[in-house]
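Enquirer: Below is a structure I'd like to ask you about.
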Amino acid sequence: MLSSVHSTVRPRPLKLGFLPLMDCAPLIVAQEAGYFEAEGLLVQLQREPSWSSIRDKLVFGLLDGAHMLAPMPLACTLGLGSINKPVVTGLGLGLNGNAMTLSRTLHDQLLSLCGKANTAGRSPSPSELALALRQWLDHNPASGLTLASVFPYSMHQYMLRHWLSLGGIDPDRELSLVVVPPDMMVSALQSGEIQGYCVGEPYNGLAVRQDAGRIAFTGHDLWPEAPEKVFGVTESWADRYPDTHYRVIRALLRACQWLDEPTNRAELAHLLARPEYVGLDADTLRMAVAQMSSDCSPLLPCTHKHFFAHGGTAPLKSRMRWIADQMLHWQQVEQAVPDSMLDQVCRLEPYDAAAQSLSLPTTAELSARPGPVTV
Numbered sequence: 057m058l059s060s061v062h063s064t065v066r067p068r069p070l071k072l073g074f075l076p077l078m079d080c081a082p083l084i085v086a087q088e089a090g091y092f093e094a095e096g097l098l099v100q101l102q103r104e105p106s107w108s109s110i111r112d113k114l115v116f117g118l119l120d121g122a123h124m125l126a127p128m129p130l131a132c133t134l135g136l137g138s139i140n141k142p143v144v145t146g147l148g149l150g151l152n153g154n155a156m157t158l159s160r161t162l163h164d165q166l167l168s169l170c171g172k173a174n175t176a177g178r179s180p181s182p183s184e185l186a187l188a189l190r191q192w193l194d195h196n197p198a199s200g201l202t203l204a205s206v207f208p209y210s211m212h213q214y215m216l217r218h219w220l221s222l223g224g225i226d227p228d229r230e231l232s233l234v235v236v237p238p239d240m241m242v243s244a245l246q247s248g249e250i251q252g253y254c255v256g257e258p259y260n261g262l263a264v265r266q267d268a269g270r271i272a273f274t275g276h277d278l279w280p281e282a283p284e285k286v287f288g289v290t291e292s293w294a295d296r297y298p299d300t301h302y303r304v305i306r307a308l309l310r311a312c313q314w315l316d317e318p319t320n321r322a323e324l325a326h327l328l329a330r331p332e333y334v335g336l337d338a339d340t341l342r343m344a345v346a347q348m349s350s351d352c353s354p355l356l357p358c359t360h361k362h363f364f365a366h367g368g369t370a371p372l373k374s375r376m377r378w379i380a381d382q383m384l385h386w387q388q389v390e391q392a393v394p395d396s397m398l399d400q401v402c403r404l405e406p407y408d409a410a411a412q413s414l415s416l417p418t419t420a421e422l423s424a425r426p427g428p429v430t431v
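Note that this note's numbering has the sequence shown beginning at 57, numbered continuously upward.
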């Protein structure tokens, strides 16, 4: 259970932004459990409507820090899609959690095309579904197929593109890829504006619950233990307020540990259901929480979401290198990102200091383990 703790130190309020998703949970728990307050921090959580809003408010100083897509600090530092403003991360906010949802019609058609490859009655693999989509496109060349991700520089975008490439599909020539905010995905699917999307929970399970779509596969099926979200601040803010940065990371580390305890899941669903946070009905959020590692079914597969386990909180350079390589592969940058920039973006010092103070493994210890990311 959450137990609030108190501190007499109250600095100026910190404004931390988040999007209404399952993986904003570390910020919510750190606030509601009193972990921020225990660090002497007065925090104001600010719900935002889109990832572009998070980015813009952070780089222009309207937010002190934010729940961010894992590639966003590097994209901001490179000036991709916005002004060039160095952003750093000293903390990951977990691994896994995304899924690919398709309209019921498209999903059923792909399952039919997978029939011969799926004689064992199991769910088709991402590769089998991609090959089925290749056949579908060949039979429907003027379909106007449109798929969505949440942001151009996101694990969702790279997952979607990689999945399509498994079927020999050119995502820039053979269909349309668009950006839709997470909480608008289901309505866009229902209206027919898009035929599928890659997003985090609870917006895959919500499509199933509303009978608008079907989950084709999870991110874990395609890329096990892939990074997903991070906590980001501007480089100038991190340099100006190193002690505050350290304290925020400590509080969020404690929240991520709390989140990985199965006994806390019912309380998590109750917290996220509050209107100022995710604000969906409690049943939908209980379903999304259950999908993290248990009580799964073919309609609602396990997302294998980890907040703390498997080094999910460590800002490992190896993970950011993989992201940088995706940017190059998909021609979002013209040349390889140098290691020096990855060192700039991944702030190991405040994480290691916070981890040591909580008797947790440092980034060096986590980096030494084989296969920190298997993508």
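For glycine and all other residues, C-beta sits at the position ideal for the given N, C-alpha and C.
Quick check: L434 and K373, are their CB atoms within less than 9 Å of each other?
Expert: The structure shown does not extend to residue 434, since the chain is modelled only from 57 to 431, so the question has no answer here.
Enquirer: Between which two residues does the alpha helix (DSSP H) holding S413 run?
Expert: Looking at the DSSP string, the run of the alpha helix (DSSP H) that includes S413 is L404 to S413.
Enquirer: How would you call P258, buried or exposed, if buried means at least 16 neighbouring beta carbons within 10 angstroms?
Expert: The residue in question, P258, is buried, as its Cβ has 16 or more Cβ neighbours within 10 Å.
Enquirer: Could you give the distance in angstroms between the alpha-carbon of W314 and the alpha-carbon of P354?
Expert: If I take the Cα positions, the gap works out to 28 Å.
Enquirer: For the putative contact between H163 and A272, defined by C-beta atoms under 8 Å, what is the C-beta separation to the nearest angstrom?
Expert: Yes, H163 and A272 are in contact; Cβ-Cβ is about 6 Å, under 8 Å.
Enquirer: When you compare only the Cα positions, how much space is there between R103 and D194?
Expert: Taking the straight line from one Cα to the other gives about 42 Å.
Enquirer: For V286, which beta-bridge partners are listed by DSSP?
Expert: Answer is M124 and G148.
Enquirer: Look at G153 and M78 and say whether their C-beta atoms are less than 9 Å apart.
Expert: The answer is yes: Cβ separation under 9 Å.
Enquirer: Going straight from the alpha carbon of L414 to that of G150, what length do you get?
Expert: Computed Cα separation, rounded: 18 Å.
Enquirer: For T175, collect the residues of the same chain with a Cβ closer than 7 Å to its Cβ; drop the 5 residues on either side in sequence, then sort them by chain order.
Expert: With a pLDDT of only 48 at T175, under 50, the local geometry of the prediction cannot be trusted, and the value read off the model is given with reservation. Once the five neighbours on either side are set aside, T175 has no close Cβ partner at all.
Enquirer: On the DSSP bridge assignment, give the partners of V234 in chain order.
Expert: The partner list for V234 (beta bridge, DSSP) reads A204.
Enquirer: Between which two residues does the beta strand (DSSP E) carrying T274 extend?
Expert: Here the beta strand (DSSP E) through T274 covers G269 to T274.
Enquirer: N260: buried (16+ other C-beta within 10 angstroms of its C-beta) or exposed?
Expert: Burial call: buried.
Enquirer: Is the number of C-beta pairs between the region 204-213 and the region 231-248 that are closer than 8 Å three or more?
Expert: At 8 Å Cβ cutoff, the stretches touch.
Enquirer: Could you spell out the range, first to last residue, of the beta strand (DSSP E) harbouring F74?
Expert: First-last of the beta strand (DSSP E) with F74: L70 to F74.
Enquirer: Per DSSP, what kind of secondary structure is A420 in: helix, strand or coil?
Expert: Note: A420 maps to helix in three-state DSSP.
Enquirer: Can the beta-carbon of Q400 be found less than 9 Å from the beta-carbon of P142?
Expert: Cβ distance < 9 Å, so Q400 and P142 count as in contact.
Enquirer: With H, G and I counted as helix, E and B as strand and the rest as coil, what does DSSP make of G256?
Expert: G256 falls in the strand class under three-state DSSP.
Enquirer: Using only CA atoms, which one of E332, W192 and V264 lies nearest to S243?
Expert: The option with the nearest alpha carbon to S243 is V264.
Enquirer: From this set, V289, L134 and Q246, which residue's C-alpha is nearest D267's C-alpha?
Expert: Nearest of V289, L134 and Q246 to D267, Cα basis: Q246.
Enquirer: In this structure, does DSSP put S183 in helix, strand or coil?
Expert: Three-state result, S183: helix.
Enquirer: Suppose you measure from the CA of D120 to the CA of H366; what does that come to, to the nearest Å?
Expert: If I take the Cα positions, the gap works out to 28 Å.
Enquirer: I need the straight-line Cα distance from R160 to G269, nearest angstrom please.
Expert: Their backbone Cα atoms lie some 5 Å apart in a straight line.
Enquirer: I need the DSSP call for S159, collapsed to helix, strand or coil.
Expert: Strand.
Enquirer: Count the other CB atoms within 10 Å of the CB of A338; is the residue buried (16 or more) or exposed (fewer)?
Expert: Its Cβ having fewer than 16 others within 10 Å, A338 is exposed.
Enquirer: Of the choices R330, A410 and R296, whose alpha-carbon is the least far from that of I84?
Expert: Per the Cα distances, R330.
Enquirer: Threshold first: 4 residues or longer. Then list the alpha helix (DSSP H) segments lying entirely within the region 303-330, N to C.
Expert: Here the runs fully enclosed are 321-328.
Enquirer: Output the distance between the C-alpha atoms of D395 and S168, rounded to the nearest integer angstrom.
Expert: Going by the C-alpha atoms only, they are around 46 Å apart.
Enquirer: What's the call for G252, buried or exposed, on a 16-neighbour Cβ count within 10 Å?
Expert: Buried is the call here.
Enquirer: Do you know whose CA, among E317, A294, C352 and L166, lies nearest S183's CA?
Expert: That would be L166, whose Cα lies nearest to the Cα of S183.
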